[in-house]
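There are 2 protein chains.
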Amino acid sequence: MAGSNFNIEKLTKAMKHHKLEGETVHPLASLQPDELRIAARVVKAANPGKVCLFRRILLIEPPKSGVVPVLEAEIAGEPLPQGPIRRSQALFYFQGETEFMEAIVDITHERMLGQRHLEGEHGPGDDEEVLEIAKASLESALVKKELERLQLPEGSEVIAEPWPYGSDDTETPTRMSQVWFFLNYKDKKDHPSANFYAHPLDFSCAVEIATMEVVRIDRLPTDLEMTNESQTARFVPNPDCEYAPDLLPGGVRQDLKPLHISQPEGVSFRIAPDGETITWQKWSFRCCFDVREGMILRNVCYDGRPLFYRMALSEMTVPYGDPRSPLHRKSAFDLGECGAGQTANNLQLGCDCLGVIAYLDGLSCSHDGEPVVIPNAICIHEQDAGLGWKHTNIRTGRADVTRARELVLQLIVTVGNYEYCLYWIFDTAANLHYEIRATGIMSVTPADPSVDLSTLGYGNVVAEGVFAPHHQHVFNLRIDPAIDSYRSSAVTYEDTHAMPRDPATNPCGVGFVCKSTQVQNESAFNLEHLTNRYVKMINPNKRNKFTKKPIGYKISAPPTQLGLADPTSMHYIRGEFTDHHVHVTKYHDAELWGSGEHLWQSRGGRGGCRTWASRGREMEDDAVLWFTLGFTHITRPEDWPVMPSETFRMHFKPVGFFDENPALDVPPSTQAVNKSVLANGSARPHERRDSDSSNSSAGASKCCRA
Amino acid sequence: MAGSNFNIEKLTKAMKHHKLEGETVHPLASLQPDELRIAARVVKAANPGKVCLFRRILLIEPPKSGVVPVLEAEIAGEPLPQGPIRRSQALFYFQGETEFMEAIVDITHERMLGQRHLEGEHGPGDDEEVLEIAKASLESALVKKELERLQLPEGSEVIAEPWPYGSDDTETPTRMSQVWFFLNYKDKKDHPSANFYAHPLDFSCAVEIATMEVVRIDRLPTDLEMTNESQTARFVPNPDCEYAPDLLPGGVRQDLKPLHISQPEGVSFRIAPDGETITWQKWSFRCCFDVREGMILRNVCYDGRPLFYRMALSEMTVPYGDPRSPLHRKSAFDLGECGAGQTANNLQLGCDCLGVIAYLDGLSCSHDGEPVVIPNAICIHEQDAGLGWKHTNIRTGRADVTRARELVLQLIVTVGNYEYCLYWIFDTAANLHYEIRATGIMSVTPADPSVDLSTLGYGNVVAEGVFAPHHQHVFNLRIDPAIDSYRSSAVTYEDTHAMPRDPATNPCGVGFVCKSTQVQNESAFNLEHLTNRYVKMINPNKRNKFTKKPIGYKISAPPTQLGLADPTSMHYIRGEFTDHHVHVTKYHDAELWGSGEHLWQSRGGRGGCRTWASRGREMEDDAVLWFTLGFTHITRPEDWPVMPSETFRMHFKPVGFFDENPALDVPPSTQAVNKSVLANGSARPHERRDSDSSNSSAGASKCCRA
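Heads up: the sequence lines are chains A and B, in that order.
The numbering of the first sequence is our numbering, which starts it at 1 and goes up by one.
The numbering of the second sequence is our numbering, which starts it at 1 and goes up by one.
Shown next, in the form of structure tokens:
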């Protein structure tokens, strides 16, 4: 499969089509626009007489066996071996047909490697399609009949909000969408941020996407009953709930003074001419844009030593806890059904980031196979992260203090009503962090204002006429470690237990020990706060000079609630990563996404980390780790009409990877560099007096030397 | 007990001694210097012929029953009733005597209310005493004999590091200290940050504090044996491990560019003339300095509505997992034995904070009862906290985005080798956060370099000759809620459970519900991630207009490992807050600290939240909540010689306290205000094109209007 036995003539010929600024495309580079064009051209040429409607044109994960020799040669400073050929996967439909097609293209040689119908699977969506479905549903006679029933206020605009259809016990062989309806009315309706979600209508519809036909109306429950079958229900006007600053009745607060961040000597990071290799504070890595995964970090190294071969969000799902039909189907798989890159925001200087900022564009494709630039999809900046380390010698009064600095990569996705802000964050102490902020507008349904719904345990009324069901956000990261080697990765978990009280070994009953367990076979397990269990990626063949234990990086993250859906339910069956915090599998180039590849109306049985971990094969220093974290969102009025961001951060921290604090050489925090100032009108702070450090009888004043 | 029946003449007379800048002292104000002087004067006058050596002069918590009417009148804008008298507790010894004395002084009337010997209890320590004990131990013949045995290098300086003695099964009636010894040698030894901790010696000693006499030498284990009894062991030279930037062999890194934070229009917060009442973004509260608790937040209100009557760190303990004698006694109670205010650092502009900073001083007392200012003990500043909320309307391309802003109160304490950075953080979404950063130098013992210690499960060798035992940091916060009322507080916990699959109520098996349980009696319970359990403080008499459920604030914090010491051990017995995440008790003015009042060599049995919660009395809307969080520190070479700060943050978040997102009126994040800039040399970001928002067929570019 790898192309490492090409001769140089072939390689040179192959490379002619995909060079970037004069350089050969690196085997780990994101798909380039010219490569996307080649893939579309090859697919079109292979299907004469048909019109291809492309849903995705993606880079196929390069075979690791072919990439690693290149990376090892780079580190060793040796001549680079030939990398694997570049390959692309095109996912498409033929115009007027319903079969979901996949083609594999050898970009290097501009040739088709194979094409097939993905039987029983469906392609992902995009905003363009969303708008088409919305239009079609609003034109449907079935929907118009419902709208007439509701007797909407004069001049109302009805907004149709298509979602992936989801899956339940009923098999639905054709590609579908479920569409929610909202009302935009009153005098603010023409405002570009008018919040139509504040006025949910009491029905949804099911759309057959291939024909854009509405095949069914589903009435939504609105009170304590499981169903809503009234044929005479009318729209009940409820108050607007606006979030746009210019629509707020009271305006915005006036007392938040500006806060500016500047870097007079420029930023500390560097982006290579390839547009995605970034170096900062001993870190080097490739930040690849990906239509599905958003950001993929590749070849993350610290001080020239590899740490991670590849890390990315692998999937996320948002199962809702409202069991009432048709709401029971709500369970978005936002990566597999839509794509974290496909739905990326265009980040704006001064809006989405603060300070000194760089931007990377993303690349998607149009339905006809042309490159589409997603502008400013990723922003990059440094931020101060507070106190890094400090110690005061109380005998001398001397304090040494440093600040922590972080490098932040930000991508923000909008999936219909909701926003996810996704961050990879590097710091000056060799820690790596993954942060998620959930914000945007909660998915809501209508609530009969005349009924007390406080007894419904699966949601809350958050505004008059608006019911917000509780839901979970369950995220899964795939982490392919390379702890000081691309060829030697194992996973352990560590538990801390009390020692039994014993006159010989623990005479006073205070002892406790940390026990490490290496994962021997593909399997899944959970975190546990009672034993402080964490999971660690190690190199079993290298030991720390002092501890004599294998070097590694641990994941520091709290154990979160796992998926709540019943094991017989489709939410569970499809959500292959939702029932354990950690899955460990043997490396495979094609096992990249926690719930498998094609999620639109998926019904399980086609792979995912539960399936792969359950194989139970023996590990051979080839571990890939899948980490699940999530939060259960018990809805609040405070989350309405737009939700203050809810933040989760998990950490990757060295354990014996270094022989000392890697932040030791961070320069001291001094006023000469920091140039802080006293707040207006606040008292001048006490100055350190020369006598302080010599006043040994009373203890020295504990301060640093500004 | 409250002084609300004083007449106005008496009050006026009483107040004459304790005014601050012309204003009457508020009943919730911190102890004022003049008040401290009065207390000392009254105690001295009551004990003619004796010399009082003061260990602490503290404000006694004012009776809540007397304070609440004042606060209620303040909110209502009505004339203020008379507050309670101001009282002080003086803790002292008579020179040459060993009885630990307590006096209660009515400051208002300058009179002694009572004085007693606190039998079986001991006073807390301070840096001045630490230095005295160190000096005495170095002069002891027993210690000198040990140092001779070790045959230390020529020109070495021996550093003695006194600790609280701790408690074990052996009762020790007199006040003691245990002292560790380290070596400062080589050519860097005169540097004020020379890291003597890198050279731990193999013995400790026990000091009788009253006489400053060394009464016993304890040899420290150094290998796989439980004891160390060699009479001929010598000091084994090991490498220096320095952290001071000017002592690093390779110097500091040169590529971290300055990052400045400025507020050209000044800060958004205001400190009242009383020096401790702070208003910021609808928040108002009193940030009181306290010798024991460090910072006490009092009367925290939002938009004029009370939220918390009082909140503070109540205690912390650091039990070590090394069971070998004498290390088994290591278990600091840093508030009760030393004091988070007593050990506060002098924070320096440009070192410990970045941006535009205000400072508050602290107040302690000298051994002879004079006020001692702890300069710049608390610093206050605003910080940007990233994306606040965002939503993009994909139909119009319009994005609305705000940033989150935080107000940070910082106090940093140095307790011997270790630093704790303590933060109360307020934000623009009405959330309150408590953050702890642990840094400084780990407590270590000598390790025989010729022995492989990797089989010792209770610690790690972190450098040649240096063994760092695993340990826990267990913190307890006392939270006295006042959810929209000072008179109506209850506690609930909420669990989220899957609904059983059922054809009628949960036909597809996806439903889940959140169940709330109100705490009916004083009791303790734990968090549980499997049910997403969180704890909430509610006002049982006020309901949210939409949810119809009681208004409240929840604590959002991960469940952490609880204390590991055996229930028969002194670590457990003294650590009354370490075995449950949450204790709930009925309010009492005198129940403020999770492990009770006097911790030096405490042996339990004198109160603490375990004891109080176990009373099981019925709650009467008078709940106080004690929250335990902690972390188990499995030591790493990366934590040596100084530890990169380890951060924990817990959150207090409104649940139905508001009717909508309280951050809705935060002004939009715009370039006009933020003035961000492009990174040097980075490509100009894609600009939003006018056509984007009208290109309805392809979806609009998702960006805000900079």
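Here a beta-carbon is modelled for each residue, glycine too, at the ideal position from N, C-alpha and C.
- For residue 261 of chain B, the enclosing beta strand (DSSP E) covers residues 260-262.
- Counting along the chain, the unbroken beta strand (DSSP E) around residue 649 of chain B starts and ends at 643-655.
- For a Cβ distance threshold of 9 Å, residue set 548 of chain A lies close to residue 452 of chain B, ordered along the chain.
- Under the three-state reduction of DSSP output, residue 619 of chain B falls in the coil class, being neither helix nor strand.
- Exposure of residue 515 of chain B is indicated by the presence of fewer than 16 other C-beta atoms within 10 angstroms of its C-beta.
- Taking a Cβ-Cβ cut-off of 8 Å, the neighbours of residue 405 of chain A in chain B comprise 256 and 259, given in sequence order.
- B/67 is the residue among B/58, B/55 and B/67 whose C-alpha sits nearest the C-alpha of residue 28 of chain B.
- Note that the stretch 603-619 of chain A does not touch the stretch 534-547 of chain A; fewer than 3 beta-carbon pairs, one per stretch, sit closer than 8 Å.
- Residues of chain B whose Cβ lies closer than 9 Å to the Cβ of residue 643 of chain A are, in chain order, 389, 391 and 661.
- Taking 7 Å as the threshold, the shortest C-beta distance from residue 267 of chain A to chain B falls below it.
- With a cut-off of 8 Å on Cβ pairs, the stretch 81-88 of chain A is in contact with the stretch 57-72 of chain A, counting three or more such pairs.
- It is roughly 24 Å from the alpha-carbon of residue 148 of chain A to the alpha-carbon of residue 395 of chain B.
- Taking C-alpha positions only, residue 520 of chain A is separated from residue 480 of chain B by approximately 49 Å.
- Counting the other CB atoms within 10 Å of its CB gives residue 601 of chain B a total of 16 or more, which places it among the buried residues.
- The count of Cβ pairs closer than 8 Å, one atom from the stretch 323-339 of chain B and one from the stretch 100-112 of chain B, stays below three, leaving the stretches out of contact.
- A distance below 6 Å between beta-carbons, with the five flanking residues on each side excluded, links residue 374 of chain B to the following residues of its chain, in chain order: 344, 362 and 364.
- Distance between residue 559 of chain A and residue 641 of chain B, taken at the CA atoms: about 30 Å.
- Taking a C-beta distance under 7 Å as the contact criterion, residue 334 of chain B and residue 415 of chain B qualify as a contact pair.
- In the pairwise beta carbon analysis, the stretch 617-630 of chain B is classified as not touching the stretch 388-402 of chain A: fewer than three pairs are separated by under 8 Å.
- At a cut-off of 4 residues, the continuous stretches assigned as alpha helix (DSSP H) that sit fully inside the stretch 513-581 of chain B are 570-574.
- Looking at the backbone, the Cα of residue 675 of chain A and that of residue 262 of chain A are separated by about 11 Å.
- For the stretch 162-191 of chain B, the residues whose beta carbon sits under 8 Å from a beta carbon of chain A are, in order, 168 and 169.
- A straight line joining the alpha-carbon of residue 175 of chain B with that of residue 121 of chain B spans about 9 Å.
- Here residue 243 of chain A carries a coil assignment [DSSP, helix/strand/coil].
- Taking the beta carbon of residue 637 of chain B as reference, the chain A residues within 7 Å of it are 544, 546, 547, 656, 658, 659 and 660, listed in sequence order.
- Between residue 653 of chain A and residue 419 of chain B, the CB-CB gap reaches or exceeds 7 Å.
- Annotation for residue 115 of chain B: no alpha helix (DSSP H) segment contains it, though the beta strand (DSSP E) segment containing it runs 111-117.
- Contact annotation for residue 340 of chain A against chain B: no contact, minimum CB-CB distance about 13 Å [criterion: below 8 Å].
- For residue 476 of chain B, DSSP records a beta bridge to B/315 and B/628.
- Judged by beta-carbon spacing, residue 557 of chain B lies beyond the 7 Å limit of residue 585 of chain B, meaning their Cβ atoms are not closer than that value.
- If only complete runs of 3 or more residues are kept, the stretch 427-507 of chain A shows the beta strand (DSSP E) at 432-440, 459-463, 466-469, 471-481 and 490-498, in order along the chain.
- What residue 675 of chain B touches in chain A, judged by beta-carbon distance under 8 Å, is 258, 260 and 350, going in chain order.
- Chain A places a beta carbon closer than 7 Å to that of residue 640 of chain B, counting this residue as a contact.
- Taking CB atoms only, residue 493 of chain B has no neighbour in chain A less than 7 Å away.
- As summarised for the stretch 24-90 of chain A, the continuous alpha helix (DSSP H) elements at least 4 residues long and confined to that stretch are 33-46 and 64-76, given in chain order.
- Excluding its 5 nearest sequence neighbours in each direction, residue 74 of chain A has C-beta neighbours in its own chain below 8 Å: 80, listed in chain order.
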